[in-house]
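Student: Here it is, the structure in full.
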Amino acid sequence: MTRCGEYNSQVLPNGKCKIVATLPQQEGHRCPDMFRCTEEVAYWLHENEEHKSEILELRELISELQEELRNHRHRLKLLETQCSEGNHSSTVEHRVHNLENWAGESSALQRIQAAFIYDLQGKLLNLSSAVDRARRNDCLAAAELRAQKAHPKADVQHSQSCHSDCSSLYYNGIKRSGIYTIETGDEGIPTEVFCDMETDGGGWTVLQFRQDGSVNFNRTWAEYKEGFGDLNGEFWFGNENIYRITSQGEYSLRIDLEDWDGNHKYALYRSFSIEDEGNYYRLNVEGFSGTIEDSFAWYHNKRSFSTPETENLCAEISHGGWWYHQCFYSNLNGIYYRGGRYQKRRSAMGPDGIVWYSWRNTDYYSLRRVSMKIRSRAFQLHQYP
């Protein structure tokens, strides 16, 4: 097919198609007129429709893409918002978690500080008590001069620190018998004692001593409670002092006995203590051994202390304070009878001498010299310095 001229098609703003034909002059022959170009026109009209359809499809595709783009942007904003909120929530949760940890650590620290303060308060109280005791007692025996005057030949030493009994003094180098000041009980009360540092290894706190009848043992409850006599001679240490010492640990008791012929025997008790005044200084003693038959623990254990004015008949008969039990098999606080033997007619109501029944199987033999002394049960577990 011979084409005559050129054809251009345009899409007008109103959607219509405009065809422009340019018919140039041909050499040698004439170009056919419009009516002879029907086939050509039909072809371009078809092409124009196809382009128009493609344009519409492209517009729809662009519209869809634009809508999808808007959706993507919307979803992106949602994701950004969620991410921002998630980060903020995570930050808040992290801060809350940190605050909880800090609060827990702070609470634990406060408990530790409270315990530390409580411990410091306790130590301060103990220190205050110690200072107060130090003001009241320098732990030096104030009776040193009196002891030296009474016994010029006796060597008396004194500790530069506080001790609770003669065993403690012995462990700290005090090896010679004499009068010392110790601290007894929880209050640390300064108390003068006579320490026997020679008998059976030493370390004995002497509770009672009889040797010549120079001290009257027919005393009241108050006197037996506080103690009486002379630590350099005959004395009773005092029930309250005995209670304070034996309540601070476990103690053994030794009783030394001597008759008027110079014979010496002893009784040893593994465990000894007395209760407080509210329980009438009740006796607790057991674990006997020794060189003489027991006349103390088996009969007097668990008995209360009595004195003549307390309306105890045995105390009235015996004229002294003791742990009586219908009435006694031993009584080391009775009347001092020189020579030992005494007649019933001299004691109309009953025996009242310094008695240890098993010595001669009689209540009417009064011993010449007796002593009671205690020592820490742990003493034997240590090497003597």
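Following this note's numbering, the numbering of the sequence shown begins with 11 at its first residue and continues without gaps.
Quick reminder that beta carbons are idealized off the backbone N, C-alpha and C, glycines included.
(1) Using the Cα positions of GLY297 and GLY243, report the straight-line distance between them to the nearest angstrom.
(2) Using the Cα positions of TRP270 and GLN353, report the straight-line distance between them to the nearest angstrom.
(3) Using only the alpha-carbon positions, how far apart do SER257 and TRP332 sit?
(4) Consult DSSP for THR256 and reduce its assignment to one of helix, strand or coil.
(5) So the candidates are ASP206, ASP210, GLY211; which of them puts its Cα closest to the Cα of GLN218?
(6) Distance check for HIS61 and ASN24, CA to CA, integer angstroms please.
(7) Please determine, among LEU79, SER386, GLU74, THR91, the residue with the shortest C-alpha to C-alpha distance to GLU260.
(8) Applying the criterion that 16 or more other CB atoms from any shown protein chain within 10 Å of the CB defines a buried residue, is LYS87 buried or exposed?
(9) Quick check on this structure: which residue in THR301, ASP222, PHE238 has the alpha carbon closest to the alpha carbon of LYS275?
(10) Does DSSP put SER241 in a helix, a strand or coil?
(11) For CYS176, report the span of its alpha helix (DSSP H) as first-last.
(12) Can you give the Cα-Cα distance for LEU342 and LEU134, rounded to whole angstroms?
(13) Decide yes or no for the touch test of the segment 318-329 against the segment 192-201: beta carbon pairs closer than 8 Å, at least 3 of them.
(14) If you draw a straight line from the C-alpha of TYR334 to the C-alpha of TYR291, how long is it?
(15) Pick helix, strand or coil for PHE389, following the three-state DSSP scheme.
(16) Using CA coordinates, which residue listed in VAL365, LYS185, ASN228, GLU233 is at the minimum distance from ILE265?
(17) Could you check the C-alpha separation between ASP222 and GLY288 for me, to the nearest Å?
(18) Measuring CB to CB, does THR215 end up less than 9 Å from VAL203?
(19) In terms of residue numbering, what span does the beta strand (DSSP E) encompassing TYR190 cover?
(20) My output table needs one value for LEU377: the three-state DSSP class, helix, strand or coil.
(21) With which residues is ILE199 paired in a DSSP beta bridge?
(22) Taking the beta carbon of VAL21 as the centre, do at least 16 other beta carbons fall within 10 Å, making it buried, or is it exposed?
(23) Under a Cβ-count criterion, where at least 16 other Cβ atoms within 10 Å of its own Cβ denotes burial, should THR91 be classed as buried or exposed?
(24) Bridge partners of CYS27, per DSSP?
(25) Would you check if the distance between the CB atom of TYR279 and the CB atom of PHE306 is smaller than 9 Å?
(26) Buried or exposed for GLU250, please, with buried defined as at least 16 other CB atoms from any protein chain shown within 10 angstroms of its CB.
(27) State the Cα-Cα distance for the pair HIS107 and HIS84, rounded to the nearest angstrom.
(28) Using DSSP's beta-bridge definition, name the partner residues of TYR347.
(29) How is ASP206 classed by DSSP in three states: helix, strand or coil?
(30) Does the separation of the CB atoms of THR201 and THR191 fall below 9 Å?
(31) Note down, in chain order, each residue of its chain lying with its Cβ closer than 7 Å to the Cβ of GLN120, except the 5 sequence neighbours on either side.
(32) For CYS337, which of ALA277, PHE282, GLY349, TYR309 has the nearest alpha-carbon?
(33) Cα-Cα, which of ARG313, GLY330, GLU326 is closest to SER283?
(34) If you measure between the beta carbons of TYR180 and GLY213, is that distance less than 9 Å?
(35) For TYR339 and ILE127, what's the separation of their Cα atoms in angstroms?
(36) Between which two residues does the alpha helix (DSSP H) harbouring HIS310 extend?
Tutor: This is what the structure holds:
(1) 29 Å
(2) 16 Å
(3) 19 Å
(4) helix
(5) ASP206
(6) 16 Å
(7) SER386
(8) exposed
(9) THR301
(10) Correcting the residue type first, residue 241 is Leu in the shown sequence and not Ser. LEU241: coil per DSSP, three-state reduction.
(11) 176-181
(12) 45 Å
(13) no
(14) 12 Å
(15) helix
(16) VAL365
(17) 33 Å
(18) yes
(19) 188-194
(20) coil
(21) THR194
(22) exposed
(23) exposed
(24) VAL21
(25) yes
(26) buried
(27) 34 Å
(28) In the DSSP output, where bridge partners are listed per residue, TYR347 has none listed.
(29) strand
(30) yes
(31) none
(32) TYR309
(33) ARG313
(34) yes
(35) 57 Å
(36) 307-310
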